[in-house]
Amino acid sequence: MILLLLSLTGNDILAKVDSIMNAPRDRESVGIMVLVDRNGKKKERKIRMWQRGEKKLIRFLAPDEVKGVGFLSLSDERMYLFMPAFKKVRRIASHAKKESFMNSDFSYEDIGSSDYKKKWDGKIISETDSTWVLELTPKPGADVSYSKLIMEVKKSNYLVKRVEFYGKKGDKEKEMTMKKEKKVGNYWTFEELVMENLKTGHKTIMKLEDVKFDQGLSDNIFTERNLKRYR
Amino acid sequence: MERFAEWVKRRGRPAVAVVFILTLVFGYFVPKVGVNSDLISFLPQNDPVVKVYKEIGEKFGGNTLVLVIIESDSIFSHHVLSTIKKLEDAYKEIEGVGFTQSLVSMIDIKKIEDGIEVGNLIEGEIPEDKKELERLKEYVMGREMYRGAIVSEDGRYTAIMIKVLEGYDRMKVGEEIIKTTEKLKGDLRTYYGGLPAVMHFVNKMITGDIKKLMPITIVLVMIVLFLGFHTGAGVFLPLLCVLIATVWSVGLMSITGVDLSLVSNIMPVLLISIGSAYGIHVINRFYEEKDIVKTIKTVGKPVIMAGATTLAGFLSFLTADMRQIREFGLFSGLGVLFALIFSIIIIPTLLGAMHIRKKKEVKHTVAKRFMDSLSLFVVRREKVIIAVAFTLAIASIAGIPRITRAVNLTEYFRPESEVRKTNEIVFHKFGGSNPIVVDVKGDIRSPETLIYMFYLEKKLRGLPHAVRSRSIASMLAEVNYNLNGIYAVPETRDKVDNLWFFLEGQDILSMMVDDEEKEATIEVAVGTDNTGEIRKVVAEAEKILRTPPRDIAWEMLEEDAKRCGIEVKKEMLQVEPPPLTGREVKKYLESSEAMIELPPYLKNKVIKLSLRRDFEGIKKLLSGYPPEDVEYLIEDIEVRLEDEERENRIDAMYANITGGRKLSFEDEKRIKGDLYYFTVKLPSISSPQVIQTGFPRIQVRLDRKLLKNQIQSLVIALFLVFLMILWQLRSLQGSLFSLIPIVFTILLNFGLMAYLKIPLDNATMMIASLAIGMGIDYTIHFTHRFREEHLRGKSLKESLKRTLETTGVAIMVNAISVTMGFLALLGGSLIPLVRFGMLVSFTMLVSSLSALMLLPALLLYYKPSYIERR
Numbered sequence: 002m003i004l005l006l007l008s009l010t011g012n013d014i015l016a017k018v019d020s021i022m023n024a025p026r027d028r029e030s031v032g033i034m035v036l037v038d039r040n041g042k043k044k045e046r047k048i049r050m051w052q053r054g055e056k057k058l059i060r061f062l063a064p065d066e067v068k069g070v071g072f073l074s075l076s077d078e079r080m081y082l083f084m085p086a087f088k089k090v091r092r093i094a095s096h097a098k099k100e101s102f103m104n105s106d107f108s109y110e111d112i113g114s115s116d117y118k119k120k121w122d123g124k125i126i127s128e129t130d131s132t133w134v135l136e137l138t139p140k141p142g143a144d145v146s147y148s149k150l151i152m153e154v155k156k157s158n159y160l161v162k163r164v165e166f167y168g169k170k171g172d173k174e175k176e177m178t179m180k181k182e183k184k185v186g187n188y189w190t191f192e193e194l195v196m197e198n199l200k201t202g203h204k205t206i207m208k209l210e211d212v213k214f215d216q217g218l219s220d221n222i223f224t225e226r227n228l229k230r231y232r
Numbered sequence: 035m036e037r038f039a040e041w042v043k044r045r046g047r048p049a050v051a052v053v054f055i056l057t058l059v060f061g062y063f064v065p066k067v068g069v070n071s072d073l074i075s076f077l078p079q080n081d082p083v084v085k086v087y088k089e090i091g092e093k094f095g096g097n098t099l100v101l102v103i104i105e106s107d108s109i110f111s112h113h114v115l116s117t118i119k120k121l122e123d124a125y126k127e128i129e130g131v132g133f134t135q136s137l138v139s140m141i142d143i144k145k146i147e148d149g150i151e152v153g154n155l156i157e158g159e160i161p162e163d164k165k166e167l168e169r170l171k172e173y174v175m176g177r178e179m180y181r182g183a184i185v186s187e188d189g190r191y192t193a194i195m196i197k198v199l200e201g202y203d204r205m206k207v208g209e210e211i212i213k214t215t216e217k218l219k220g221d222l223r224t225y226y227g228g229l230p231a232v233m234h235f236v237n238k239m240i241t242g243d244i245k246k247l248m249p250i251t252i253v254l255v256m257i258v259l260f261l262g263f264h265t266g267a268g269v270f271l272p273l274l275c276v277l278i279a280t281v282w283s284v285g286l287m288s289i290t291g292v293d294l295s296l297v298s299n300i301m302p303v304l305l306i307s308i309g310s311a312y313g314i315h316v317i318n319r320f321y322e323e324k325d326i327v328k329t330i331k332t333v334g335k336p337v338i339m340a341g342a343t344t345l346a347g348f349l350s351f352l353t354a355d356m357r358q359i360r361e362f363g364l365f366s367g368l369g370v371l372f373a374l375i376f377s378i379i380i381i382p383t384l385l386g387a388m389h390i391r392k393k394k395e396v397k398h399t400v401a402k403r404f405m406d407s408l409s410l411f412v413v414r415r416e417k418v419i420i421a422v423a424f425t426l427a428i429a430s431i432a433g434i435p436r437i438t439r440a441v442n443l444t445e446y447f448r449p450e451s452e453v454r455k456t457n458e459i460v461f462h463k464f465g466g467s468n469p470i471v472v473d474v475k476g477d478i479r480s481p482e483t484l485i486y487m488f489y490l491e492k493k494l495r496g497l498p499h500a501v502r503s504r505s506i507a508s509m510l511a512e513v514n515y516n517l518n519g520i521y522a523v524p525e526t527r528d529k530v531d532n533l534w535f536f537l538e539g540q541d542i543l544s545m546m547v548d549d550e551e552k553e554a555t556i557e558v559a560v561g562t563d564n565t566g567e568i569r570k571v572v573a574e575a576e577k578i579l580r581t582p583p584r585d586i587a588w589e590m591l592e593e594d595a596k597r598c599g600i601e602v603k604k605e606m607l608q609v610e611p612p613p614l615t616g617r618e619v620k621k622y623l624e625s626s627e628a629m630i631e632l633p634p635y636l637k638n639k640v641i642k643l644s645l646r647r648d649f650e651g652i653k654k655l656l657s658g659y660p661p662e663d664v665e666y667l668i669e670d671i672e673v674r675l676e677d678e679e680r681e682n683r684i685d686a687m688y689a690n691i692t693g694g695r696k697l698s699f700e701d702e703k704r705i706k707g708d709l710y711y712f713t714v715k716l717p718s719i720s721s722p723q724v725i726q727t728g729f730p731r732i733q734v735r736l737d738r739k740l741l742k743n744q745i746q747s748l749v750i751a752l753f754l755v756f757l758m759i760l761w762q763l764r765s766l767q768g769s770l771f772s773l774i775p776i777v778f779t780i781l782l783n784f785g786l787m788a789y790l791k792i793p794l795d796n797a798t799m800m801i802a803s804l805a806i807g808m809g810i811d812y813t814i815h816f817t818h819r820f821r822e823e824h825l826r827g828k829s830l831k832e833s834l835k836r837t838l839e840t841t842g843v844a845i846m847v848n849a850i851s852v853t854m855g856f857l858a859l860l861g862g863s864l865i866p867l868v869r870f871g872m873l874v875s876f877t878m879l880v881s882s883l884s885a886l887m888l889l890p891a892l893l894l895y896y897k898p899s900y901i902e903r904r
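Given below as structure tokens:
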């Protein structure tokens with residue numbers, strides 16, 4: 002075992018991180034997002050999320066202004082929005098991927114499924130008894146908006162403990178920290194993440210509750226029809 | 035005065051040494067003096083209107099935008115677009131830069147059949163294909179959102195918008211943006227707009243002017259001094275005094291943390307020109323008396339009087355509303371005081387020390403001969419002089435109502451200056467950068483408030499010169515149009531919430547609504563910078579805000595129809611729409627959002643039942659499906675039926691209104707949006723609290739203040755000077771006589787302004803008071819000498835001759851040196867200061883000539899008794 006650990010390269014670790022993250026076939030959870038601005042003012046949102054592979058269905062639960070709004074994403078370019086007050090589903094053909102996710106400090110890129118291995122080259126720069134620290138540089142031709150990531154990975158479960166995002170100029174722009182983690186069934190998952198935007202002073206806290214894995218979510222979940230069942 | 039003279043004789047040298055040491059101390063602080071180019075800080079900061087303006091500017095980030103404008107005959111070319119991309123990428127790397135927006139990065143939202151398409155105006159790589167570029171051009175120029183906003187109407191200019199983040203030094207970021215642009219722009223022409231960039235240029239101007247104008251002034255004054263005295267001491271001693279005085283007052287500014295501003299940057303020029311006068315009179319007398327004590331005894335009193343009155347002129351600005359003018363008044367006044375004190379201490383002391391007691395008899399041949407003929411002329415033509423002066427005064431008074439006022443800060447800059455050029459472009463190509471802003475306070479998310487804002491925006495858009503407008507209300511209407519095909523703010527809160535969700539997180543939102551959604555702005559760009567026109571627009575906007583809407587839906591329709599040249603009548607809205615066909619229900623049942631996928635025969639049955647509104651029948655028919663889904667289905671069908679009916683009604687009303695005429699895409703969209711409000715129940719609209727702000731309002735406010743300040747400081751200066759003369763002469767008659775030349779000068783100044791169309795502005799407003807303070811000096815010197823000679827037993831005519839030969843020469847040298855000094859301002863970068871220099875020069879000539887001609891003419895004619903009294 003020890004020998005095995007010693008022989009791991011940065012890229013091996015990235016592959017492992019991806020595989021751990023992408024291991025569950027599907028996932029359902031309640032997410033609570035707290036948006037904190039530079040003056041410490043907070044805004045809270047609550048969503049229920051279903052996810053299977055690329056497919057994602059998000060339903061807003063709170064606050065009242067957004068309650069019932071639904072969001073279905075079948076692929077990067079096929080998304081649907083449900084507006085309960087109009088009782089209408091509208092297709093959103095979006096090409097703007099780097100936009101922030103629901104006004105948070107996460108971009109769609111940040112919260113997408115884990116594919117570090119595909120886009121980055123990892124190099125171990127230091128390690129302790131419990132973690133590895135990797136430096137990630139973009140693979141040639143990879144479509145990423147950061148010049149470098151510094152990532153801390155837990156040795157025990159391959160969860161990402163901390164990521165620093167560096168801009169094109171080499172300055173640290175964002176920092177993501179995992180505050181809490183837990184094991185649900187066979188899988189380890191984060192329970193609380195904080196993403197801090199160092200440029201704007203904004204912060205987003207993301208908490209996961211009621212996480213369920215591998216329920217065998219069917220295709221019927223990811224339909225416009227289901228999007229409308231908001232009550 | 036005698037005791038003071040003795041003191042100078044005994045203690046002059048140590049006093050001078052102390053002054054020199056202190057000068058070194060102040061001199062140390064001079065380079066540290068701050069420069070404040072912030073145009074907004076120019077405004078009276080405690081004024082409520084200004085306060086609101088500043089608050090709104092900070093809250094909605096209006097003061098933090100930088101505009102980089104690119105000029106090219108082919109904006110839509112690979113070369114230009116790639117440069118824009120390169121620039122924008124580079125801006126993003128600058129610390130403190132928030133969001134940026136340009137033709138290349140602009141997010142474009144398009145309405146498509148079953149939804150919307152969100153993308154960038156330019157996807158991926160910048161196209162090289164000519165045809166593709168041509169298509170892009172056509173698309174951008176065809177949309178009201180882009181044309182005139184990001185690309186100018188003529189397609190020759192495009193703007194890159196850059197927002198400076200909170201907490202960063204705006205000016206530094208602005209400078210960095212300019213530097214980056216200059217490095218990367220290649221052969222493209224660029225202009226910079228927005229406060230952070232403009233401040234950079236103004237700053238350069240302030241310091242640049244001082245560096246450029248001060249040496250010119252010094253040289254000009256030196257020339258005059260040399261011509262007047264023909265001696266080295268005569269040239270250098272007065273100059274030394276004013277230079278020391280300037281160092282002291284600028285040093286004091288630095289120590290007390292007061293910045294040099296757009297006004298006070300003329301202080302050095304001003305002090306050198308004005309301050310040298312005291313030295314001139316002291317030296318002139320010293321050459322006559324050749325004794326320190328005698329010189330101070332005789333000339334001390336009039337010189338101090340002259341200084342005190344000038345000081346009064348400056349101090350009258352302490353009542354001004356504009357901080358910069360108050361500061362200018364204070365520190366220039368101090369400078370004058372210093373120059374005065376140094377002139378009577380340093381000059382005699384140094385002259386005494388330099389042993390230039392015996393100076394070759396001054397051969398003021400030219401000057402003397404001129405003065406002799408002048409006195410002869412006055413003696414012979416006293417009545418003519420009085421008559422001419424009287425006529426000029428009357429003509430000037432007649433012109434006063436014609437004086438215009440200019441408060442537009444951009445008029446401060448020369449037409450060829452960077453700031454002015456950018457402003458012209460922003461103005462003519464992008465509809466102005468200083469919009470009228472209406473601040474709305476209330477529950478912004480409520481349809482009541484939003485529909486009222488939508489109404490206000492439409493009304494304001496109808497103002498003369500209004501070119502563009504924006505608000506959260508019209509943005510929501512645009513989203514509603516893209517998602518639901520209706521250009522209107524929805525009538526229920528739920529619907530507003532759904533649309534708002536779509537805008538959330540967009541940077542543009544924070545420029546229109548505050549975080550708490552309790553305050554929002556409506557901006558209307560005004561395409562004129564004429565103060566008179568702006569006054570009208572502001573007043574009309576105010577009227578719109580103060581008039582509560584009678585029938586909000588009708589008024590919106592009326593306004594939009596008027597814009598298309600259509601007069602709407604109420605009966606046009608009386609329509610009998612065609613019966614429903616169920617087309618929207620059909621479309622729904624066939625779409626993938628239908629709650630139940632029905633076989634064709636059931637679809638037709640459902641359509642038939644829904645047209646009869648037999649929803650129980652539908653329930654029965656679909657009893658085999660999950661009841662919950664049937665509920666959803668029926669709700670959806672109800673909405674589709676309403677949609678069809680509404681669409682039919684709107685189409686019918688629209689046909690009545692246009693009478694078959696084809697309107698433009700945007701006009702049709704707007705009018706159909708207005709008609710929507712005749713198909714739904716509107717919430718009761720309560721007008722929230724609205725305040726007009728924005729720069730136009732400020733301009734009107736400044737305009738009024740300007741006049742008030744002018745009159746106020748004029749009266750104060752005149753009164754103070756009157757008191758001083760009264761104290762000196764102890765004769766009411768004498769004081770009134772002494773005021774005549776200066777009142778005449780001021781009248782002529784206003785006359786000149788009226789006939790040469792020089793407007794009253796922040797700088798020219800100061801002239802009248804300064805002219806009183808400075809111009810009265812000539813009268814004081816003249817009167818002093820004239821009485822002295824007369825009391826010695828000379829006749830009036832002889833006294834006049836003697837006065838003009840002696841003090842008269844000093845007065846002339848003084849006036850010409852001040853005039854020359856101020857003429858240096860003509861080379862300045864700021865227009866009001868150029869005008870200021872011109873008018874001060876003019877008033878100095880007029881006041882000196884009236885002291886030398888008009889006053890003696892009056893004295894000879896009326897022979898007032900105060901001349902005789904001791």
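The listed protein sequences correspond, in order, to chains P and S. Yeah, the first sequence ends on 232 if you go by the numbering used here, and it's all consecutive. Yeah, the second sequence ends on 904 if you go by the numbering used here, and it's all consecutive. Glycine included, every Cβ here is placed at the ideal spot set by N, Cα and C.
- Chain S places no beta carbon closer than 9 Å to that of P:V145, leaving this residue out of the contacts.
- Judged by beta-carbon spacing, S:L517 lies within the 9 Å limit of S:I150, meaning their Cβ atoms are closer than that value.
- Between P:K180 and P:E192, the CB-CB gap stays under 9 Å.
- Every alpha helix (DSSP H) of 4 residues or more that sits fully in the region 465–516 of chain S is shown, in chain order, as 481–495.
- Residue state for S:D203 is assigned as coil, using DSSP reduced to three classes.
- Nearest Cα to S:A432 within the set S:S503, S:L873, S:L781: S:L781.
- It is roughly 33 Å from the alpha-carbon of S:G658 to the alpha-carbon of P:V67.
- Think of a sphere of 8 Å around the beta carbon of S:Y666: the chain P residues whose beta carbon falls inside it are K229, R230, in chain order.
- Beta-bridge annotation (DSSP): S:G728 is paired with S:I470.
- Taking the Cβ atoms as the reference, S:I379 lies roughly 19 Å from S:G61, outside the contact range of under 8 Å.
- Taking 9 Å as the CB threshold, S:I379 stays off the interface with chain P.
- Between the region 580–598 of chain S and the region 483–492 of chain S there are three or more C-beta pairs closer than 8 Å, enough to call the two in contact.
- Contacts with chain P at 9 Å (Cβ-Cβ) do not include S:K604.
- Listed in chain order, the positions of the region 124–152 of chain P with a beta carbon within less than 8 Å of a beta carbon of chain S would be empty, since no residue qualifies.
- Contact between S:L740 and S:R439 is confirmed by a C-beta separation of about 6 Å, below the 8 Å threshold.
- Within the same chain, Cβ atoms closer than 8 Å to the Cβ of S:C275 are found at G309, S310, Y312, G313, A373, F376, S377, I380, I381, the five residues on either side in sequence being excluded.
- Spatial neighbours of P:Q216 in its own chain (CB-CB distance under 7 Å, excluding positions within 5 residues in sequence) are listed in chain order as D27, E29.
- Scanning the region 528–602 of chain S for uninterrupted alpha helix (DSSP H) segments of 4 residues or longer gives 565–580, 586–597, listed from N- to C-terminal end.
- Distance from S:G132 to S:K197 at the Cβ level is roughly 4 Å; contact confirmed, criterion being Cβ atoms closer than 8 Å.
- For the pair of segments examined, the region 105–114 of chain S was found not to touch the region 549–562 of chain S: the number of CB pairs separated by less than 8 Å stays below three.
- With a cutoff of 9 Å on beta-carbon distance, S:I745 and S:I776 are scored as not near each other.
- Looking at the DSSP output, S:G153 bridges to S:D142.
- Chain-order list of chain P residues neighbouring S:I146: R92, A94, by C-beta distance under 9 Å.
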